[in-house]
Amino acid sequence: MSKIEEGSLSAEPEPGGFSKISDVDLADGFRTQSFHLMEAHPIAAAHLVLAAASIAPECDAEKDVADEFSYLIVDFAQELRILHARAIARRSQCVERPTNGH
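Per full-length UniProt numbering, residue 1 is the first one in the sequence shown, and the count goes up by one each step.
Listed below in structure tokens is the structure:
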């Protein structure tokens, strides 16, 4: 039997010492935690929301929240694309430039 307490996930241990939590409970916990993170760390929160939606794709609550916050991931991906292009340009400059003055 699993529980979600104060925004953190906990599950009673199964025989053998492992904890088992249902996909729906895990997704619900991620979604709940994402709301706590949203103001301070919106990208991290959006990742939790999308993780919840992929863990429990049949859950309407997860779909609705993922649809609502997916724009953050798109913005983040666009920023990453710019940073990646800049890093590639720097690396190509380092390769083209001789390092020993010849």
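Glycine included, C-beta positions come from ideal geometry on N, C-alpha and C. Here the structure is a predicted model, which is why all the values come from computation and not from measurement.
Please classify residue i: is it buried, with 16 or more other beta-carbons within 10 angstroms of its beta-carbon, or exposed?
| i | result |
| --- | --- |
| residue 39 | exposed |
| residue 95 | exposed |
Quick one: Cα of residue i to Cα of residue j, how far?
| i | j | result |
| --- | --- | --- |
| residue 4 | residue 78 | For residue 4, the pLDDT reaches just 43, beneath the cut-off of 50, and the residue's location in the model is therefore unreliable, leaving the point undetermined. |
| residue 61 | residue 19 | 24 Å |
| residue 82 | residue 70 | 19 Å |
| residue 48 | residue 33 | 8 Å |
Closer than 7 Å, CB to CB, is residue i near chain B or not?
| i | result |
| --- | --- |
| residue 50 | The structure shown contains no chain B, having only a single protein chain. |
Less than 7 Å between C-beta atoms, sequence neighbours within five positions excluded: which residues of the same chain meet that for residue i?
| i | result |
| --- | --- |
| residue 72 | 42, 43, 46 |
Within its chain, find whatever has a CB closer than 6 Å to the CB of residue i; leave out the 5 residues flanking it on each side and keep chain order.
| i | result |
| --- | --- |
| residue 107 | Within the shown structure, residues of the chain are numbered from 1 to 102, placing residue 107 beyond reach of any answer. |
Does DSSP put residue i in a helix, a strand or coil?
| i | result |
| --- | --- |
| residue 22 | coil |
| residue 27 | helix |
Complete runs of the beta strand (DSSP E) confined to the segment 44-80 [at least 3 residues] | none
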